[in-house]
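>
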Amino acid sequence: MRLKQLLVAGLCALGPAVVHAQSADALGWLRKMHNATHKLSYTGTFVYQNGVRSETSRITRFADASGDVEKLEVMDGMPREIVRTKDTVSCYLPGSRVVKVDRRTERDFPALLPERITGLARHYDISLGETHRIAGYDCQAVVLTPRDNLRYGYRLYADVTTGMLLKAVTLDAKGEQVEQMTFTQLTMGGVTRDMVQPRRGARSWRVEDAAAAPAQLAGWGLSKELPGFEKIIELKRRLGETRSAGQVVYSDGMAAVSVFIEPLEARSEPARTGLSSMGAIHIYTREVANHRVTVVGEAPAVSVQRIANAVEYRKP
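Add 19 to the 1-based position in the sequence shown for the working numbering, that's all there is to it.
Listed below in structure tokens is the structure:
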């Protein structure tokens, strides 16, 4: 057992009071980040890196007492413009003149953190790291080290003045970088509601609405829950003109894993069991009760596969 594991085990044995005392300042920083990324208006450019792949996006966020709206413009590859509100996501694809509308179920950079910050201390050792200058801002690092192999580690860098999250690094069990998102330019304030409107009117475009809505997926569940991961929401969504699927979202407060359940008779090809990955995201597919079950999550492969293998159907 490595020294870090011994130290974490020792802290756990001493009880929650010691752990909370050790991470009080770091938890305060996490709350500061959460408040900043939800209450501030800003515009900036950030880069997502995953291995040799990178993607640059421009983000504009407007927030006031009536709510908030966020617009994301992908600057590389196929043109895309994404407008996010509290509950919905609209993706504008000018190449095909299509608008895809969906329900917002997961957090996006730079609003990565959940509202219940304290619960993270049950699954992560949280501490303050180094200070670093990013996009012209002095930033404080907060380090989340997982207490098991079921979740990634994170290094989060926040502006020391406002708490705005400027950089997020995802780390694997060896401490090596899996993916990174970082602002290269950021201006806080000076945003109007007109600035978060889509550039294109899209009046004659085709609208593909997933019609995702909360639902109870009767009979579906997990034979054994993954430690720390709790069910957040159950949905029914449309996949096309005639296809539909159920979705269940689980989260430990940082990582989110979605379980998609689709009847096999609605598809032309049989379900194939297997694991695939794309950077920090792992995907596992298997057949359960004549349904195709696909589990997608920004979590280690072992977590995604364990959730997938635990999906079961019991006749109500």
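Glycine residues also receive a C-beta, built at the ideal position from the N, C-alpha and C atoms.
Computed from a prediction, not measured in an experiment: that's the story for all the values here.
Nearest-angstrom Cα distance between Lys51 and Leu147?
Along the sequence shown, read from residue 1 onward, the residue named residue 51 stands at position 32. Along the sequence shown, read from residue 1 onward, the residue named residue 147 stands at position 128. For Lys51 and Leu147, the distance between alpha carbons rounds to 13 Å.
> Do the CB positions of Arg333 and Gly265 come within less than 8 Å of each other?
Walking along the sequence shown from the start, residue 333 turns up at place 314. Walking along the sequence shown from the start, residue 265 turns up at place 246. Going by C-beta atoms, Arg333 is not nearer than 8 Å to Gly265.
> For the alpha helix (DSSP H) holding Arg391, just list the boundary residues, first then last.
The requested residue 391 is not part of the displayed model; the chain covers only 20 to 335.
> Can you name, in chain order, every residue of its own chain whose Cβ lies under 8 Å from the Cβ of Val267, other than the five neighbours on each side?
Counting from 1 along the sequence shown, the entry for residue 267 is found at position 248. Within the same chain, Val267 has close Cβ partners Leu236, Trp239, Lys250, Ile252, Glu253, Leu254, Ser277, Val278, Ile280.
> Cα separation between Val71 and Gly316?
For this step, residue 71 is matched to residue 52 along the sequence shown. For this step, residue 316 is matched to residue 297 along the sequence shown. Going from the Cα of Val71 to the Cα of Gly316 covers about 21 Å.
> For the ligand ADP, I want to know if Glu317 counts as a neighbour, meaning its beta carbon is within less than 7 Å of at least one of the ligand's heavy atoms.
Looking for the ligand ADP in the displayed structure turns up nothing, as the structure carries no ligands at all.
> According to DSSP, which residues form a beta bridge with Phe202?
Here the question's residue 202 lines up with position 183 in the sequence shown. Note: Phe202 sits in a beta bridge opposite Phe65.
> Kindly confirm or deny that the region 169-177 and the region 189-199 touch, where touching means at least three C-beta pairs closer than 8 Å.
Output reads yes: the region 189-199 touches the region 169-177.
> Take the Cβ of Met297 as the centre, count every other Cβ of all protein chains shown within 10 Å, and call the residue buried at 16 or more, exposed below.
Taking the first residue of the sequence shown as position 1, residue 297 is located at position 278. Met297 is exposed by the Cβ-count criterion.
> Tell me the start and end of each unbroken beta strand (DSSP E) in the region 168-217 that is at least 3 residues and wholly inside, in chain order.
172-178, 184-190, 196-207
> Is the region 80-96 in contact with the region 198-216, if contact means three or more CB pairs nearer than 8 Å?
yes
> Quick one: Cα of Leu283 to Cα of Thr211, how far?
Within the sequence shown, residue 283 is the residue found at index 264, counting from 1. Within the sequence shown, residue 211 is the residue found at index 192, counting from 1. When only Cα atoms are considered, Leu283 and Thr211 end up about 47 Å apart.
> Considering just the uninterrupted stretch of the beta strand (DSSP E) at Ser295, what are its terminal residues?
Reading the sequence shown from its first residue, position 276 is the one you call residue 295. Note, Ser295: beta strand (DSSP E), 293-297.
> Run through DSSP, which three-state label would Ala45 get?
Translated into the one-based positions of the sequence shown, residue 45 becomes position 26. Ala45 falls in the helix class under three-state DSSP.
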